[in-house]
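Inspection log for the structure reproduced underneath, given as structure tokens.
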């Protein structure tokens with residue numbers, strides 16, 4: 374049975390590719406890249422991440 | 173909420189000098205009427221103009237019209253809408269008259285779009301809708317939200333419905349949603365964003381760093397009462413923790429409230445619970461310790477570890493993403 378850490382190591386390249394999908398500017402999809410989207414916290418050291426369920430951006 | 177309460181909060185924020193995001197939340201914040209709400213928000217205008225605060229609001233959109241849009245635009249509100257999907261997914265969002273609120277929500281959203289105000293959506297997914305991730309994603313791309321956050325239904329605060337507990341269905345839901353998003357990634361997905369960033373760090377060989385600071389997330393009630401960690405605690409009394417209220421803005425300074433927060437039992441239990449999560453759960457690098465409100469509502473104590481929220485919105489989500497990436 375693989376641990377979570379082992380699974381992520383094995384899929385590292387694909388995870389990084391998926392992260393780039395998150396970071397890709399919307400303009401690349403023909404959307405307005407200058408739209409002021411509510412910022413999404415991506416810093417793993419951010420303890421606030423779970424507060425998003427209350428609407429915190 | 174009375175104007176003297178927001179004025180007092182603004183005065184205290186002036187003293188702290190820290191950047192703060194104010195989220196107008198709870199019930200329907202716009203229901204107090206435009207004139208009253210705008211007065212409350214204008215208490216913070218100096219702070220906003222100096223860049224010390226930013227307004228956010230979580231609304232059901234039913235009252236949003238051109239005047240509200242102008243106000244949101246002029247005062248740089250980040251607007252979040254609570255909407256669970258098309259009419260078949262939104263049946264539990266009703267007005268005071270008991271009638272479905274869907275049509276009125278969509279009218280409010282149209283007003284936001286007309287005014288070119290970007291909005292995020294928080295969508296609560298119940299057990300019945302776990303098989304419809306594709307339909308939900310397509311719906312939200314069609315209505316043009318800037319970002320989407322999915323909350324799997326939780327037994328929390330006023331909601332006594334049981335959280336879905338079918339691991340297979342929940343993983344399948346997240347997999348289907350992740351797949352739909354990857355095929356057409358035009359919406360920022362709150363949940364994929366945060367979990368992917370954590371998975372990415374975990375895939376590196378650098379050891380995870382446990383943060384030394386956390387956000388105590390103060391919630392202020394209409395009368396100035398303050399609770400920490402979860403807004404649901406404003407309406408909660410327990411044998412173990414009492415009322416959860418750590419101060420009142422009319423009586424105590426923010427500094428005193430925060431200082432008192434360090435010594436109250438439920439905060440200490442929260443910190444201890446987080447330490448236990450770190451020691452006992454391999455998913456800790458994904459979520460950093462879970463939510464106080466869920467721990468209390470499920471276990472009756474905040475000194476707890478795993479909750480349905482952990483399983484449904486952190487663990488199964490991470491599992492689903494990894495399964496989809498194989």
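Residue numbers (our numbering), protein chains in the order written: chain U, 374 to 430; chain Z, 173 to 498.
Ideal Cβ placement from N, Cα and C applies to all residues, glycine included.
Take the alpha-carbon of residue 238 (chain Z) and the one of residue 266 (chain Z): they are about 22 Å apart. Put simply, the CB of residue 375 (chain Z) is near chain U, with a gap under 8 Å to one of its CB atoms. Here residue 317 (chain Z) carries a coil assignment [DSSP, helix/strand/coil]. Under the three-state reduction of DSSP, residue 353 (chain Z) is assigned to helix.
Assignment of beta-bridge partners to residue 203 (chain Z) by DSSP yields no partner.
At the C-beta level, residue 268 (chain Z) and residue 234 (chain Z) stay beyond 8 Å of one another. CA-CA distance, residue 185 (chain Z) to residue 413 (chain Z), rounds to 27 Å. The same chain holds no residue with a CB closer than 6 Å to that of residue 218 (chain Z) once the five nearest residues on each side in sequence are set aside. Taking C-alpha positions only, residue 462 (chain Z) is separated from residue 479 (chain Z) by approximately 8 Å. Three or more Cβ pairs closer than 8 Å define a contact, and the segment 446-459 of chain Z meets that threshold against the segment 361-379 of chain Z. Sequence-ordered contacts of the segment 191-209 of chain Z with chain U read 193, 195 and 197 [C-beta pairs closer than 7 Å]. Residues of chain U whose Cβ lies closer than 9 Å to the Cβ of residue 447 (chain Z) do not exist, since the nearest Cβ in that chain is about 14 Å away. For residue 454 (chain Z), the three-state secondary structure derived from DSSP is coil. According to the DSSP assignment, residue 292 (chain Z) belongs to no alpha helix (DSSP H) but to the beta strand (DSSP E) extending over 291-297. C-alpha of residue 305 (chain Z) to C-alpha of residue 181 (chain Z): approximately 41 Å in a straight line.
For residue 227 (chain Z), the enclosing beta strand (DSSP E) has its first and last residue at 225-231. DSSP places residue 346 (chain Z) in the helix class (H, G or I) of the three-state scheme. DSSP places residue 195 (chain Z) inside the beta strand (DSSP E), whose first and last residues are 192-196. Across the set Z:296, Z:474 and Z:286, the C-alpha of Z:296 shows the shortest separation from the C-alpha of residue 363 (chain Z). Sorting Z:325, Z:259 and Z:321 by C-alpha distance to the C-alpha of residue 350 (chain Z) places Z:321 at the top. With fewer than 16 other Cβ atoms inside 10 Å of its own Cβ, residue 422 (chain Z) counts as exposed.
If you draw a 10 Å sphere on the C-beta of residue 469 (chain Z), you find 16 or more other C-beta atoms in it, and that means buried. Burial is judged here by how many other beta carbons sit within 10 angstroms of a residue's own beta carbon; residue 355 (chain Z) has fewer than 16 and is exposed. When the Cα atoms are used, residue 372 (chain Z) and residue 448 (chain Z) turn out to be separated by approximately 23 Å. By the C-beta density criterion, residue 271 (chain Z) is exposed, having fewer than 16 other C-beta atoms within 10 angstroms.
For residue 391 (chain Z), the secondary structure class from DSSP, reduced to helix, strand or coil, is strand. The beta-carbon separation of residue 291 (chain Z) and residue 318 (chain Z), rounded to 6 Å, stays under the 8 Å limit for a contact. In the DSSP assignment, residue 272 (chain Z) forms a beta bridge with Z:266. Among the residues facing chain U, residue 362 (chain Z) is included, as its CB has a counterpart in that chain under 8 Å away. Of all residues in the segment 465-486 of chain Z, none is placed with a Cβ closer than 7 Å to any Cβ belonging to chain U. If you check the CB distance, residue 177 (chain Z) and residue 396 (chain Z) come in under 8 Å.
Partner residues in the beta bridge of residue 420 (chain Z), as assigned by DSSP, are Z:397. About 14 Å separates the Cβ atoms of residue 498 (chain Z) and residue 377 (chain U), ruling out a contact at the 8 Å cut-off. Nearest to residue 228 (chain Z) by alpha-carbon distance, out of Z:324, Z:196 and Z:241, is Z:196.
Annotated as distal: residue 416 (chain Z) and residue 426 (chain Z), with beta-carbon spacing of 8 Å or more.
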